[in-house]
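For the protein sequence lines, the chains are A and B, in the order given.
The opening position of the first sequence corresponds to residue 1 in our numbering, with each subsequent residue numbered one higher.
The opening position of the second sequence corresponds to residue 1001 in our numbering, with each subsequent residue numbered one higher.
Where a beta carbon is used, it is the ideal one built from N, C-alpha and C, also for glycine.
Bear in mind the structure is a predicted one, so any value in this text is a computation, not a measurement.
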Amino acid sequence: MPTGTQSSKPSNKVNARMTSPLSWLWIVGIAVIIAVPFLVPSMQLLVNFAMAKGLAVLGVTVLLRAGQVSFGHALYFGIAAYAGAFLMTSMPATDFFVILIVGVLGAIVAGLFVGLFVVRYRGIFFGMLNLAFSMIFWSILEKFYHLTGGADGLRFTRPTVFGQALDHVQFNMVLYYSVLVLVVALGWFTHRWFASPVGQLFQTIKTNETRLEYLGISPKRALLSGYLLSAALCGVGGVMMGMAQGVVTPEYVWWVRSAEMVFIAVLGGAGSVQGAFLGALIYEVVRTYASVYAGDIWQMILGGFLLIIILFAPGGLIGILESAFKRDTTKPSAKTGDRK
Amino acid sequence: MTEVLLETRNLTIKFGGITAADNVSLTINAGKNLAIIGPNGAGKTTFLNICTGWLKPSKGQVLFEGRDITPLPPRKIVDRGVARAFQIPQLFTEHTALENLLIAASARQKRRNPLVDMHAIPERTEMLHLLDMVGCADVADVLVVELPEGQRKLIDIAVALALKPRLLLMDEPTSGVASSEKHAIMEILIGALKEANVTSVFVEHDMGIVEKYADEVAVWNSGNVQLRGTPAEILEHPDVIRDVIGEVV
Chain A
1 MPTGTQSSKP SNKVNARMTS PLSWLWIVGI AVIIAVPFLV PSMQLLVNFA MAKGLAVLGV
61 TVLLRAGQVS FGHALYFGIA AYAGAFLMTS MPATDFFVIL IVGVLGAIVA GLFVGLFVVR
121 YRGIFFGMLN LAFSMIFWSI LEKFYHLTGG ADGLRFTRPT VFGQALDHVQ FNMVLYYSVL
181 VLVVALGWFT HRWFASPVGQ LFQTIKTNET RLEYLGISPK RALLSGYLLS AALCGVGGVM
241 MGMAQGVVTP EYVWWVRSAE MVFIAVLGGA GSVQGAFLGA LIYEVVRTYA SVYAGDIWQM
301 ILGGFLLIII LFAPGGLIGI LESAFKRDTT KPSAKTGDRK
Chain B
1001 MTEVLLETRN LTIKFGGITA ADNVSLTINA GKNLAIIGPN GAGKTTFLNI CTGWLKPSKG
1061 QVLFEGRDIT PLPPRKIVDR GVARAFQIPQ LFTEHTALEN LLIAASARQK RRNPLVDMHA
1121 IPERTEMLHL LDMVGCADVA DVLVVELPEG QRKLIDIAVA LALKPRLLLM DEPTSGVASS
1181 EKHAIMEILI GALKEANVTS VFVEHDMGIV EKYADEVAVW NSGNVQLRGT PAEILEHPDV
1241 IRDVIGEVV
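Encoded structure:
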């Protein structure tokens, strides 16, 4: 008679990963990012943009875990950025953290409004409905120019930080390290959320909604919980991007921005927390330098890069890294399957 | 006095011109294993679908522990204490066997803390014991997609039991399982049900299984209960031999 003791001990995957060789790579990576403003100041803004974008990509990644692709998540990126911009233009001395909170709340409220509708749909309908909502908001931003500044967007001055007015360099430093803290904190939180019961219930939408219903759980409500998290993450990214640029434009919610988020999520490793940030960093670097040195064909380069990833490394950049590290460590049983 | 756990009153449902449930009135007594037999298309699975809220009858009522559950969706009926196992196992194929049970236990407890690892929930030991009860402890860490049909069936039932139901409805628990394994699986299953003190209803085509493991048998035909009795009474009945056994032998 088989016994329950044959199974492995309680496996805290989060802790296990913290001690793996790959975890050390992340720690080194964070240390390098901390040093960027001092070692390579010219890269500071680029890394800042990449981290802000990475937070939004993490939002898209959350939905990928439930097997859903949104082609309109730039909506929350834009709503949060515009909420912050409206606040700054109406109350110029508003504090940095108040803008962040207001922007993210704006994204969550919008996520609840849109989410209650789109969680009824799956697959292509889910993706296209999200796109439709984002394009409606884009049109509003473009056409209500007396409120939104139209295609020129809204410009705003630097916010205060804990009541202190900072100069350009100081503010960029605060912004840079604040984004980094948010990347680490929200990346950790999302990682834990994925491993938690509520995160696991959300992910089962990908494989069997019938069983989920027969476990006493509403699949729509489970999807809505992840949808709100994804909207909030996109919102954080949008506010931070807006403050880094000092201007927000309708381009923030343009469909290309949404597609770019999906592109980066797949490039980094669909469903991977670390992949979202790694993908965003690589994407920003390639985009920046390719547009400088190959201005006419940089989109083609990125497209080709993505094709190679999909054909030869479906696990994305993070999959390549994990494979490389696993070669040096004990191979796990094929049956246990270390899933992202 | 026998406690009536589930009662249906005049259940009727039609799919186009076909009446899949035709005025079905049935009581399910606590502590018994009721087998439902009948030819294909008789309305057996439809009956389970109505009792669990998946289908809504055009007429009639379903009462569980005396309370009307007819208008409730499946998830609300599950909360009341009715669980379901399926003819085709409904599992989370990208999760391991143990994880399927942990998800079920988390759903039962309505766990919402986003910072607790699912593998560290207090019910883990209980779920390992449940896997052991259905004879699947040795595949606890194997992805469901890699398991044979027989083990998936047992895990599907274990997932339902993880909800600690009072009543378990099972649709052909031994279908798709090799003949040589059917009795072994039912031994495990009935033992697990007894240990968990769960009343069961199971749809079955194998009369050997019905004879050995059912306390009562209800014979379905043309969307209604044609006969009901002990296995000995039912399996000797000429109508059953003609309409049911004749078709499956």
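- Listed by position along chain A, the residues whose Cβ is nearer than 9 Å to that of valine 1078 of chain B are Glu213, Tyr214, Leu215, Gly216, Ile217.
- Under the three-state reduction of DSSP, methionine 240 of chain A is assigned to helix.
- From the listed residues A:Leu278, A:Thr94, A:Ser225, A:Glu284, the smallest Cα separation to isoleucine 318 of chain A is found for A:Leu278.
- What aspartate 1171 of chain B touches in chain A, judged by beta-carbon distance under 7 Å, is nothing: the nearest beta carbon there is about 12 Å away.
- Scanning chain B for C-beta atoms nearer than 7 Å to the C-beta of alanine 195 of chain A yields Asp1117, Met1118, reported in chain order.
- Restricting attention to B:Met1133, B:Ile1209, B:Thr1052, B:Glu1123, the CA atom closest to the CA of leucine 1034 of chain B is found in B:Ile1209.
- Cβ proximity to chain A below 9 Å picks out nothing from the stretch 1031–1050 of chain B.
- Valine 28 of chain A is classed as exposed because its beta carbon has fewer than 16 other beta carbons within 10 Å across all chains shown.
- In its chain, beyond the 5 residues on either side, Ala1097, Leu1147, Gln1151 have a beta carbon closer than 7 Å to the beta carbon of valine 1139 of chain B.
- With the criterion set as a beta carbon lying under 7 Å from some beta carbon of chain A, the members of the stretch 1118–1133 of chain B are Met1118, His1119, Ala1120, Ile1121, Arg1124, Leu1128, His1129, Leu1131, Asp1132, in sequence order.
- With the rule of 3 Cβ pairs closer than 8 Å, the stretch 229–236 of chain A counts as touching the stretch 52–64 of chain A.
- The beta carbon of arginine 192 of chain A sits closer than 7 Å to some beta carbon of chain B.
- For a Cβ distance threshold of 9 Å, residue set Phe1092, His1095, Glu1099, Leu1102, Ile1103, Ser1106, Met1118 of chain B lies close to glutamine 200 of chain A, ordered along the chain.
- Residue burial annotation: tyrosine 293 of chain A is exposed, with fewer than 16 other C-beta atoms found within 10 angstroms of its C-beta.
- Between the stretch 1011–1030 of chain B and the stretch 1058–1070 of chain B, the count of Cβ pairs shorter than 8 Å is three or higher; the stretches touch.
- Closer than 7 Å to the CB of arginine 1242 of chain B there is not a single CB belonging to chain A.
- Closer than 7 Å to the CB of threonine 61 of chain A there is not a single CB belonging to chain B.
- Within the stretch 1151–1177 of chain B, Val1159, Ala1160, Leu1163 place their CB atoms closer than 8 Å to a CB of chain A, listed in sequence order.
- The Cβ atoms of valine 273 of chain A and glycine 187 of chain A sit closer than 7 Å to each other.
- Setting aside the 5 residues that flank it on each side, asparagine 1049 of chain B is surrounded in the same chain by Leu1055, each with a C-beta closer than 6 Å to its C-beta; the list follows chain order.
- For methionine 91 of chain A, no alpha helix (DSSP H) run applies, since DSSP gives it neither H nor E.
- The count of Cβ pairs closer than 8 Å, one atom from the stretch 188–206 of chain A and one from the stretch 1115–1129 of chain B, reaches three, so the stretches are in contact.
- With a threshold of 7 Å between beta carbons, proline 1057 of chain B makes no contact with chain A.
- Within 10 angstroms of the beta-carbon of asparagine 1100 of chain B lie 16 or more other beta-carbons, which makes it buried.
- For arginine 1067 of chain B, no chain A residue has a Cβ inside 9 Å of its Cβ, as the nearest lies near 16 Å away.
- In this structure, glycine 242 of chain A keeps its C-beta atom at 7 Å or more from the C-beta atom of alanine 107 of chain A.
- Linking leucine 154 of chain A to phenylalanine 71 of chain A through their CA atoms gives a straight-line distance of about 24 Å.
- With respect to the 7 Å criterion, valine 1177 of chain B and isoleucine 1185 of chain B are classified as neighbours on the basis of their beta carbons.
- In terms of Cα proximity to isoleucine 1018 of chain B, the closest of B:Thr1027, B:Ala1042, B:Val1159 is B:Ala1042.
- Excluding its 5 nearest sequence neighbours in each direction, glycine 1135 of chain B has C-beta neighbours in its own chain below 7 Å: Leu1154, Ile1188, listed in chain order.
- A:His168 is the residue among A:His168, A:Phe133, A:Ile308 whose C-alpha sits nearest the C-alpha of arginine 158 of chain A.
- Secondary structure remark: continuous alpha helix (DSSP H) runs of at least 4 residues inside the stretch 234–296 of chain A, in chain order: 255–268, 273–293.
- Apart from the 5 residues on each side of it in sequence, proline 219 of chain A sits with its Cβ closer than 7 Å to the Cβ of Ile205, Glu209, Leu212, Glu213 in its chain, given in chain order.
- Of the residues assessed, leucine 147 of chain A falls on the exposed side of the cut-off, its CB having fewer than 16 other CB atoms within 10 angstroms.
- Nearest C-alpha to alanine 74 of chain A among A:Ala132, A:Ile124, A:Phe117: A:Ala132.
- Chain A places no beta carbon closer than 7 Å to that of proline 1231 of chain B, leaving this residue out of the contacts.
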